[in-house]
Amino acid sequence: MTLAQLKRGKRAKIKDVSSIHIPLKLLEMGCLPGNAVELVQVAPFADPMYVNINDTHLAIRKETANHVIIEFIDE
Amino acid sequence: MSKQINVALIGNPNTGKTSVFNALTGLNQKVGNYPGITVEKKEGICKLPQGVKAHIIDLPGTYSLNASSLDENVVIELLLNKNDKDFPDVAVVVSDVENLKRNLLLYTQIKDLEIPTILVINMSDRMSRKGISIDIPYLEEQLNTKIALVSTRKNKGIQDLKTLIANYRSLSTQPCLDISIIDSDYFNNLKKTFPNQLTYKLWLVITQDVNFGDIDRNTIEDVSHFKTKPVAALKRLQQKETIKRYQFINNVLKNGQTIDVKAAKDLRTKFDRVLTHKFWGYLIFFVILLTIFQAIYDWAEVPMDFIDGTFVALSEWVKNSLPEGAFTSLIAEGIIPGLGGIVIFIPQIAFLFLFISILEESGYMSRVVFLMDRIMRRFGLSGKSIVPLISGTACAIPAIMATRNIESWKERLITILVTPFTTCSARLPVYLIIISLVIPKGRIFGLSYQALTLMLLYLIGFGAAVGSAYLLNKILKIKSKTFFVIEMPNYKLPLPKNVGITVLEKTKAFVFGAGKIILAISIVLWFLASYGPGKEFNNAETIVKEQYASQQLSEDELQQKIAAHQLEHSFIGITGRAIEPAIRPLGYDWKIGIAIVSSFAAREVFVGTLATIYSVGSDEEETIKNRMAGEINPVLGGPLFNFASGVSLMLFYAFAMQCMSTLAIVKRETNSWKWPILQLVIMSGFAYLIALAAFQILK
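Just so you know, the protein sequences line up as chains P and U, in that order. Take 211 as the starting number for the first sequence in the numbering used here and just add one per residue. Take 151 as the starting number for the second sequence in the numbering used here and just add one per residue.
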C-alpha cells in the first residue's frame with residue numbers, strides 16, 4: 211500500500227521509500243522508513259496531498275506519494 | 151581593541167530567522183546581492199557586550215546543506231570556503247521550537263563542518279500552548295553547544311544570544327556524527343587520500359556541484375587511487391546518512407524534550423479545515439484578493455492627492471523664488487514633475503508590499519500553493535508558480551527570482567516567461583491615471599467602477615500569464631522531472647517589525663531604483679523638449695503671431711499657442727511626430743508615443759514623461775491629471791484621453807514587455823538571450839495588435 215491510498219485523517223507508518231524516485235530533499239524533511247505519516251487534507255481530485263510526516267507538515271503530489279510504501283499502525 | 155566577529159545566521163525556512171536577524175540588527179542592515187548572482191544578500195551590524203561588534207549575514211533559508219537551488223547553494227559555498235571574507239567565526243542555527251526534530255538535521259550538518267555553532271530555539275512563546283517542555287542543559291550537553299531560547303515576538307532571549315555570540319571561542323567544535331560509520335571502507339579511503347581535509351567536507355563536495363577554494367570534485371575524482379561511486383550508490387549513502395542523523399536526533403530529543411499532546415491547542419487544524427477546503431478555501435482566496443485591490447484603491451487616495459498637490463506647489467515655488475533661466479526651468483519643468491510622477495505612487499506600492507508580506511509571513515501563501523497546484527499544473531505551471539504570479543503584482547524582478555524553488559525546469563521556465571504579464575506596480579501609475587481620466591466615478595455593491603476596472607486589469611494580466619503558459623506547455627519540448635514538495639508552516643500572526651522592514655526596504659528599492667532612471671530620463675526629455683533645430687522652433691513667436699493675427703486672442707492663449715508650436719518643433723516633437731504614424735491607429739498622439747518609447751526603460755516612466763512634456767508646453771501650474779484631461783486629439787477632435795484610447799493604452803501596457811531590468815533578470819535566470827528576446831518581441835507585438843483592435847472597435 212502506498213501513501214497515495216491513505217485516507218484523510220488516517221495515520222500510517224512509512225515502510226520503504228524508493229530513493230530513485232524520492233529526492234533527497236523529501237528524505238531530509240523526514241520521509242524515511244519508520245516515521246509516522248498522517249493525511250491532513252487533500253486538494254480537489256486528491257492531488258496534491260497535505261500530509262504530516264514525522265511532525266513536519268508538507269504538501270506533495272500524488273505521483274510522489276505513489277513511491278512511498280506505508281503500512282497501517284494499530285492505534 | 152575591538153574585533154569584528156563574522157556571524158552567519160542559518161536556518162530552515164519559516165523558523166523566524168529573519169525576525170532574529172531584525173532583532174539583532176534593527177534598521178542597521180543592508181540588502182545587496184552576492185557577486186555575480188541575483189541571490190539577495192542581507193547583512194547587518196550588531197553591537198555585542200564588551201564593546202565587540204558582530205557582522206551578521208542572514209543566509210537564505212535552507213532545509214539542509216545538500217543544496218537543491220541557487221539560493222541554498224550560497225549557504226554551502228560560504229560555509230565551505232575558509233578564504234571567503236564573510237566566512238563565519240560562528241554559525242547561529244535558528245530553529246523553530248515546534249519543528250525541533252527536523253531543524254536539528256541542519257544543525258548536525260553544520261556542526262560536522264567543525265564551525266562553532268550556536269543553536270537558537272525560536273518561538274519559545276508557543277511552548278506552553280503546544281505543551282512542549284525542553285531540558286536545555288541536557289540538550290546543550292548532547293548537542294555539544296550553547297543554546298539560546300528566544301522569542302522574537304516577546305523580545306526575549308536576544309541579550310542571551312548576543313552574549314553567546316561574543317563568547318563564541320568557548321564553544322566546542324566536535325562534530326555530531328562520525329560520517330565514516332555509514333561506509334567505513336569508502337570514508338577511510340577518502341581520509342587517507344586527503345589527510346588534510348575534513349572528511350565530511352569532502353563528502354559534501356563529492357555529492358554536489360559546489361566548488362570551494364582549494365579543492366573540488368574533479369580533483370577528487372582525478373586522484374587515480376581514489377575511486378568514487380556511481381550516482382545511485384551515492385544516493386543510497388546519502389539516505390543512510392540522513393537516517394543516521396535522525397537516529398542521533400531522536401535519541402537526543404527522547405530525553406531532552408517532552409510534548410504533552412493533550413495540552414496542545416491546535417489552531418492549525420481548525421484554520422486548515424476552512425482555508426484549504428475544496429470550496430471555502432477558493433472562495434476565501436478570491437475574497438482576500440478582492441479586498442486587497444479595493445484597499446489599494448481606497449486607502450491610498452488621500453495621501454496621493456496630497457503628494458500631487460505638494461509637487462505642483464513645489465514646482466511653482468521653485469519658479470517664483472529662483473532667478474529665471476534655463477537651470478530654474480530644468481528643475482521646475484523637468485526634474486520636479488518627473489520625480490512627482492513616481493513619488494505619487496509610493497502609498498499604493500507600499501500597501502501592495504504590505505499585503506504580500508502579510509500573506510507570506512502568516513503562512514497563508516503555502517495554503518494557496520496547495521490549493522492551486524492541481525489547477526496550475528493543467529497550464530504547465532506548478533502550484534509554486536502562484537507565489538511569483540502574486541508577488542509579480544509588486545515587481546517581476548523578485549518574482550522571477552522567487553521561481554527558484556520550483557523543482558521542475560520546464561515548470562520553472564514557463565513561470566519565468568509568463569510572470570511579466572502580471573500587473574506589476576510599475577504598471578499601476580499608468581493604469582491609475584488613465585482610469586481616473588476615462589472611467590466614471592460611480593459605485594456598484596459598494597465597489598467603485600474604478601476599483602473594479604483595476605481588478606479587471608489584474609485579472610487580464612493573470613489570464614494572459616496563464617493562457618500563454620498553456621500554449622508554452624504545448625509548444626516547448628522539454629523533458630524534466632516533475633517533482634513538488636512544499637512545507638505547510640504553522641499559522642503565525644505577522645510581526646509588525648518584520649512587515650514594516652520589508653515594506654520599507656522594498657518601497658525604498660523601488661523608489662530609488664526607478665527614481666534614478668526617471669531623473670535621468672526627465673533631464674534628457676526636458677532638453678529635447680526645450681530646444682529644437684531650425685527657424686520653426688526659434689522663431690515660433692513671430693510665426694504664431696502672424697498665423698493668428700486675424701483672430702482676437704488673449705495674451706494667455708497666444709502664449710499657449712507659442713509654447714505648443716515650439717514643443718511641436720523641438721527635438722522631441724520631431725522624433726515624436728516621426729513615430730506618430732505607427733501609433734495613430736491606436737488612438738495616441740506623438741506625446742503619448744514619446745512616453746511609450748521612454749517607458750521601455752521602465753513602465754512607470756510613462757507618467758513622469760507626460761508630466762515633463764506637458765509642463766514644458768504650458769505656463770500654468772496644474773496637476774498632471776488636469777493637463778492630461780485637457781489634451782485634444784489632433785485628428786478626431788475631442789479629448790485625447792477618452793474611453794477608446796484609454797482602454798487601448800491600458801491594454802497596451804497590460805501586455806507589452808517594457809522593462810529592461812526584467813529582461814536582464816530573465817537572461818540571468820535562464821542563462822540565455824533567447825528567452826528574453828522572445829518575450830520582448832512576442833509580448834510587445836501582441837500588445838500592439840490588441841491595443842489596435844481595442845481602439846478601432848471602441849472609437
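All C-beta atoms in this analysis are idealised placements derived from N, C-alpha and C, irrespective of residue type, glycine included.
Straight-line Cα distance separating residue j from residue i
i, j, result
"THR258 (chain U)", "ALA217 (chain U)", "16 Å"
"PRO579 (chain U)", "TRP449 (chain U)", "15 Å"
"THR460 (chain U)", "VAL157 (chain U)", "45 Å"
"SER507 (chain U)", "LEU539 (chain U)", "14 Å"
"TRP825 (chain U)", "ARG252 (chain U)", "39 Å"
"GLN454 (chain U)", "ALA500 (chain U)", "According to the sequence displayed, residue 454 (chain U) carries Met and not Gln. For MET454 (chain U) and ALA500 (chain U), the distance between alpha carbons rounds to 12 Å."
"GLY617 (chain U)", "ILE610 (chain U)", "10 Å"
"PHE595 (chain U)", "GLU222 (chain U)", "48 Å"
"LEU440 (chain U)", "GLY613 (chain U)", "16 Å"
"ASN555 (chain U)", "GLU238 (chain P)", "16 Å"
"MET277 (chain U)", "GLU248 (chain U)", "8 Å"
"ASP310 (chain U)", "GLY406 (chain U)", "21 Å"
"THR165 (chain U)", "GLY743 (chain U)", "50 Å"
"ILE332 (chain U)", "ASN400 (chain U)", "18 Å"
"LEU597 (chain U)", "GLY490 (chain U)", "28 Å"
"THR858 (chain U)", "PHE435 (chain U)", "Since the first residue shown for chain U is 151 and the last is 849, residue 858 (chain U) is missing from the structure and cannot be characterised."
"VAL831 (chain U)", "ILE438 (chain U)", "35 Å"
"LYS695 (chain U)", "LYS775 (chain U)", "29 Å"
Residue interval of the alpha helix (DSSP H) (run including residue i)
i, result
"LEU839 (chain U)", "824-848"
"THR343 (chain U)", "334-343"
"ARG221 (chain P)", "First-last for ARG221 (chain P): 221-227, but that is the beta strand (DSSP E), not the alpha helix (DSSP H)."
"GLY406 (chain U)", "381-406"
"PHE282 (chain P)", "Where PHE282 (chain P) is concerned, there is no enclosing alpha helix (DSSP H), although the beta strand (DSSP E) it sits in stretches over 278-282."
"ILE540 (chain U)", "536-541"
With 16 other Cβ atoms within 10 Å as the buried cut-off, status of residue i
i, result
"PHE456 (chain U)", "exposed"
"PHE429 (chain U)", "exposed"
"LEU228 (chain U)", "buried"
"PRO254 (chain P)", "exposed"
"ASN648 (chain U)", "buried"
"GLN701 (chain U)", "exposed"
"ILE722 (chain U)", "buried"
"LYS627 (chain U)", "exposed"
"ILE226 (chain U)", "buried"
"LEU314 (chain U)", "buried"
"ASN264 (chain P)", "buried"
"LYS225 (chain P)", "exposed"
"TYR608 (chain U)", "buried"
"LEU216 (chain P)", "buried"
"GLU557 (chain U)", "buried"
"ASN162 (chain U)", "buried"
"MET151 (chain U)", "The predicted position of MET151 (chain U) is uncertain, since its pLDDT is 39 and thus under 50; no value can be drawn from it."
"LYS351 (chain U)", "buried"
"THR569 (chain U)", "buried"
"THR657 (chain U)", "buried"
Boundaries of the beta strand (DSSP E) in which residue i is found, first to last residue
i, result
"TYR738 (chain U)", "No beta strand (DSSP E) contains TYR738 (chain U), which DSSP labels as neither H nor E."
"LEU269 (chain U)", "267-272"
"MET259 (chain P)", "259-263"
"SER283 (chain U)", "282-284"
"LYS192 (chain U)", "190-197"
"GLY161 (chain U)", "154-161"
"GLN251 (chain P)", "246-252"
"LEU799 (chain U)", "Premise fails: LEU799 (chain U) lies in the alpha helix (DSSP H), 793-805, not in any beta strand (DSSP E)."
"ALA298 (chain U)", "297-299"
"ILE270 (chain P)", "266-270"
Contact with chain A by residue i, beta-carbon distance below 8 Å
i, result
"THR426 (chain U)", "The structure shown contains no chain A; its protein chains are P and U."
task: Mind listing, in chain order, the continuous alpha helix (DSSP H) runs of no fewer than 4 residues lying wholly within the region 206-262 of chain U?
output: Taking only runs of at least 4 residues, the alpha helix (DSSP H) segments lying wholly in the region 206-262 of chain U are 220-230 and 250-261.
task: Could I get the ranges of all uninterrupted beta strand (DSSP E) runs contained in the region 474-518 of chain U, with 3 residues as the minimum, in chain order?
output: Unbroken beta strand (DSSP E) runs of no fewer than 3 residues, entirely contained in the region 474-518 of chain U, are not found.
task: List in chain order: all unbroken alpha helix (DSSP H) runs of 4+ residues lying wholly within the region 648-722 of chain U.
output: Here the runs fully enclosed are 684-688, 690-697 and 705-719.
task: List in chain order: all unbroken beta strand (DSSP E) runs of 3+ residues lying wholly within the region 593-637 of chain U.
output: Within the region 593-637 of chain U, complete beta strand (DSSP E) segments of at least 3 residues are found at 635-637, given in chain order.
message: With a threshold of 8 Å, are at least 3 pairs of Cβ atoms found where one atom belongs to the region 469-489 of chain U and the other to the region 647-654 of chain U?
response: Taking a contact to require three or more Cβ pairs closer than 8 Å, the region 469-489 of chain U and the region 647-654 of chain U do not qualify as touching.
query: Is it a yes or a no for the region 205-221 of chain U touching the region 156-173 of chain U, going by three-plus beta-carbon pairs under 8 Å?
result: Taking 8 Å as the limit for Cβ pairs, the verdict is that the region 156-173 of chain U does touch the region 205-221 of chain U.
query: If we count Cβ pairs, one from each stretch, closer than 8 Å, do we get three or more for the region 535-551 of chain U versus the region 501-521 of chain U?
result: Segment contact: the region 535-551 of chain U against the region 501-521 of chain U, three or more CB-CB distances shorter than 8 Å; contact assigned.
Three CB pairs or more closer than 8 Å across the region 314-324 of chain U and the region 339-350 of chain U: No, because fewer than three Cβ pairs between the region 314-324 of chain U and the region 339-350 of chain U fall closer than 8 Å, the two stretches do not touch.
query: Should the region 211-227 of chain P be regarded as contacting the region 240-251 of chain P, the criterion being three or more beta carbon pairs within less than 8 Å?
result: They touch, by the three-pair rule.
- request: For the region 746-753 of chain U and the region 667-674 of chain U, state whether three or more C-beta atom pairs, one from each stretch, are separated by less than 8 Å.
  value: Output reads yes: the region 667-674 of chain U touches the region 746-753 of chain U.
- prompt: Between the region 253-272 of chain U and the region 293-302 of chain U, do at least 3 Cβ pairs fall closer than 8 Å?
  reply: Because the criterion of three Cβ pairs below 8 Å is met, the region 253-272 of chain U and the region 293-302 of chain U touch.
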